[in-house]
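Enquirer: At position 8 of the sequence shown (counting the first as 1) the number is 7 in numbering that gives the first Met the number 0, and the numbers step up by one without a gap. C-beta: ideal position from N, C-alpha, C; glycine also. Being a predicted model, the structure only gives us computed values, none of them experimental.
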Amino acid sequence: MEAEDFAVVQVAEALAKGGVKTVPDIVTGGTDGTGGGLVNVLLGNPIYQEHFKRAASLIASQPPTTS
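(1) Just the Cα atoms here: how many angstroms apart are Val22 and Ala59?
(2) How many Å lie between Lys52 and Met0 at the Cα?
(3) Just the C-alpha distance for Glu12 and Pro45, rounded to the nearest angstrom, thanks.
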């Protein structure tokens, strides 16, 4: 592995350890020919938020596990 490649790996590891988000929650492309990227984001964001709320609610309602 060359020095540049090693540096990229080290930066990626540091970002991951620090909890830095590098990938978006919603990705739009408009590949259907409509060019509706912004519309897709506006429609996708409430769906994502609702999904996140439901998932958090399910996790919170689970009894704690004991090892």
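Expert: The relevant details are as follows:
(1) 25 Å
(2) 43 Å
(3) 31 Å
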